[in-house]
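Notes for the one structure printed next.
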Amino acid sequence: MVADQEAAGSNPAGDTMNLSTPITRLPGVGPIYEKRLKKLGITTTRDLLFHFPKEYQDFSKITSINKVREGQTYCIKGRILDIKLKRIWQRRMSITQAVIEDKTGSLKLIWFNQPYITTNLQKDDEALFVGKVIRNKTGITLSNPSYEKTEQEEHIHVGRLVSIYPETSGISSRWIRQMVKTILDQLDSLPETLPKEILKKRDILEFQEALKQAHFPDSKQQAKEAKKRFAFEELFQIMLFVLTERKRLAKVKAIPVPLSIDLVKRLLSKLPYKLTDAQRKATWQILKDIEKPRPMNRLLEGDVGSGKTIVAAIAALATIREGYQVALLAPTEILAKQHFKSLGQLLSPFRMDIGLLTGKEDKFISKKLPKDVIEISRRKLLERAKDGSINLLIGTHAIIQDQVKFSDLALVIVDEQHRFGVRQRAKLLHKTTLIPHLLSMTATPIPRTLALSIYGDLDLTVLDELPKGRKKVKTSIIPPRERENAYKFMAKEIEKGRQVFVICPRIEAKSDKETEDGKIIRTVQEEHKKLEEEIFPDYNVDMLHGKMTTKEKEVVMQKFKRGTTDVLVSTSVVEVGIDIPNASVMFIEGVEHFGLAQLHQFRGRVGRAEHQSYCFLFTDSNSETTRKRLQALATSTSGFELAEQDLKIRGPGDFTGLKQWGVPDFAMEQLLNLQLVEEAKEAANEILEKDLELKKHPILKKRMEELREKLHLE
Ligand code: ADP
Ligand code: MG
């Protein structure tokens, strides 16, 4: 995510190398290497330079020959007394044998299948050798050592801290080292990407120096400093971005929505339950926010089933009552429809027009409450949004399209995953003077440090309490031999009238590769067939996945909702929000393919009514990580706790929202480093205070534009 160097004036059209030079322009990188490098995600010189070592091996100490012991790895300096290449034609192999000496003695060296060595090394050459000492027929021998002649001024493979990289077949650490060196030698004056004052004040390594220290460090400390610099830079850019958004927001105006306690009370009196304390507090906060003439920018974070919808509904009602419009964005069509239906019911006593806009199929419904659902054309729906007669428009991201305009949009509610910048909100209104309030809802528990960084532009409200009377979902890890019993258990639940979800990691088997590391990956199609034909021939088994058309998906969901279907085999489409209170068993195949937060979401699909519910976890993996994660899932019912656990076990990479930012791994780790995050924030503030528009920082400005694009903020 480091800013593009081209902005700083090098010559992208010419033949000189810069950070965007395709890797194929490097010496010796043809189609084969291109393909291999792609596996490591490397296509440009920059990618290669930011392919940081995973560790460093210390070969800075030179051992004298009389001190070497079998089984150890050493760096030895010696002069070549003899070197010869033997080819063994029958076995299609070659052996290079050499003898070296230093002041203390002599040592045999051997290389297998590296016939070119005799062209690099000759008798009387002095070199450094790093390798493992083994004992073979001819005695103590240094096996397959890497080497560099002592006349070479700068060592990269021997006699120093040596970088070990994430490799792939055909790309060794040695190859990467050599290539990185070549690039760094050619790019000898890379422009600094961080403001000078920040470098100075915080004692941060300069760009060029940091790259060098990351790959060819003078000490482990320097290597650490180097990586820290790049992580800091990532965080700094994120903070710069979110703070800019925040500052922009502080300058624009929103429609103030006066608070009407009576109205809220009327809605609450119609609910079959009482709000939890957390819901009441959140509602109050939100109603207070939208009362102000500044746009609200709030993230409502609450575990699965914590009851976010009603909180949003109250805010929507308050806004609509004042004559303004509300838009609700859902991440999937299924969810949009569900919201359309449940909010339609909830708000029916208040008589309003609710529209549903999804987009994939040209079918649109408008609802003149209290009871009729009518289909209208998309054109009419858009007209009604624009002339203000639709009070609440619910939909997928189709709502963000250019043709969709509102007349008096005062509140945008986003359920899961979308981010909304100031300009994006302005666009919905085709006005820039007034910006709608934003309520963003998520069930992804975001730990504090992450909330502070990537969501730093949002105010945070947490629903940390579940409605009373919810039974805990009993979660068990099922070993393969217990599978049959689990099916029997499922049958019993179905006999009681309950319904079952079966989640698989894939839709269909790929013909060429049905397994991964020799393990079967279960697919929706195969499991569906098996359950329908062999296991539950007497029950109704159905399936749901992303390759089905909207219409097909809808029919499947309707049947499951009505209870016609007993078992629904599905991909992760059911992950967020789907509400089937009668379902009591969640059966998850291949759990190692899902993140903990995601598994927790699946589990949240059951246990939504009075029935005791169950979650069965299946895996063929015996990896320690998988075991730990499953254990965490089985013992904890709190999404927040699980998020913390996942962070500890797997790092923050899994969190929704983070991937969008394109934060590289080395910076991901640092997202948990509260001190570094805060320092980055402070630094970003310092820059923005003096130069809010980043006029003096063209590289940063360009970077901000890239980020904005990536996050679809405009
Ligand atoms: P989520 O936060 O996951 O979006 P929902 O808003 O879908 O949760 O609510 C889950 C279920 O809990 C819904 O059926 C809703 O009617 C119910 N619910 C919400 N608040 C309460 C409450 N305070 N007491 C009891 N049930 C509630
Ligand atoms: Mg929800």
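Heads up, the final residue of the sequence shown is numbered 872 in my numbering, and it's a clean run with no missing numbers. Even for Gly, the Cβ is constructed at its ideal location relative to N, Cα and C.
- Distance from the Cα of residue 736 is smallest, within the candidate group 249, 467, 268 and 797, for 467.
- When secondary structure is reduced to three states using DSSP, residue 593 falls in the coil class, being assigned neither helix nor strand.
- For residue 790, same chain residues with a beta-carbon under 7 Å away, outside a window of 5 residues either side, are 754, 800 and 803 in chain order.
- In the DSSP assignment, residue 425 falls within the unbroken alpha helix (DSSP H) covering 419-427.
- Contact between residue 308 and residue 286 holds: their C-beta atoms lie close to 6 Å from each other, under 8 Å.
- Inclusion of residue 466 in the 6 Å shell around the ligand MG follows from its C-beta lying nearer than that to a non-hydrogen atom of the ligand.
- Under the rule that a run must span 3 or more residues, the beta strand (DSSP E) segments found entirely inside the region 259-313 read 263-270, 284-294 and 297-307.
- The criterion of a C-beta distance shorter than 7 Å is not satisfied by residue 305 and residue 211.
- Between the ligand ADP and residue 462, a heavy atom-to-CB distance of less than 6 Å is present.
- Residue environment for residue 247: exposed (fewer than 16 other C-beta atoms within 10 angstroms of its C-beta).
- Annotation: residue 379 to residue 216 spans about 13 Å, alpha carbon to alpha carbon.
- For residue 509, the three-state secondary structure derived from DSSP is coil.
- Pairing residue 516 with residue 477 gives a Cβ-Cβ distance that is not under 7 Å.
- DSSP places residue 619 in the strand class (E or B) of the three-state scheme.
- Collapsing the DSSP output to three states places residue 797 in a helix.
- In this structure, residue 625 has its beta carbon less than 6 Å from a heavy atom of the ligand ADP.
- For residue 463, the three-state secondary structure derived from DSSP is coil.
- Residue pairing of residue 600 in beta bridges, as defined by DSSP: 459.
- Taking C-beta separations shorter than 7 Å and ignoring five residues to either side along the sequence, the partners of residue 600 in its chain run 457, 459 and 574, following chain order.
- In the DSSP assignment, residue 233 is bridged to 220 and 288.
- For residue 331, the enclosing alpha helix (DSSP H) covers residues 331-344.
- For residue 632, the enclosing beta strand (DSSP E) starts and ends at 632-636.
- At a Cβ-Cβ threshold of 7 Å, residue 444 and residue 473 count as neighbours.
- In the structure shown, the three-state DSSP call for residue 779 is coil.
- Annotation for residue 417: 445 and 449 place their beta carbon closer than 6 Å to its own, counting only its chain and skipping 5 residues before and after.
- The closest CA to that of residue 386, considering only 372, 399, 398 and 397, is found on 372.
- Using a Cβ distance threshold of 7 Å, residue 757 and residue 725 do not count as a contacting pair.
- Relative to the ligand ADP, the beta carbon of residue 433 is positioned inside 6 Å of a heavy atom.
- Under DSSP, residue 553 takes part in a beta bridge, and its partners are 487 and 515.
- Annotation for residue 547: 511 place their beta carbon closer than 8 Å to its own, counting only its chain and skipping 5 residues before and after.
- Nearest neighbour of residue 361 by Cα position, chosen from 384, 586, 348 and 341, turns out to be 384.
- Beta-bridge analysis with DSSP links residue 252 to 245.
- Using a 10 angstroms sphere on the CB of residue 832, the tally of other CB atoms stays under 16, which defines it as exposed.
- Residue 771 sits close to residue 765, with the two beta carbons spaced by under 7 Å.
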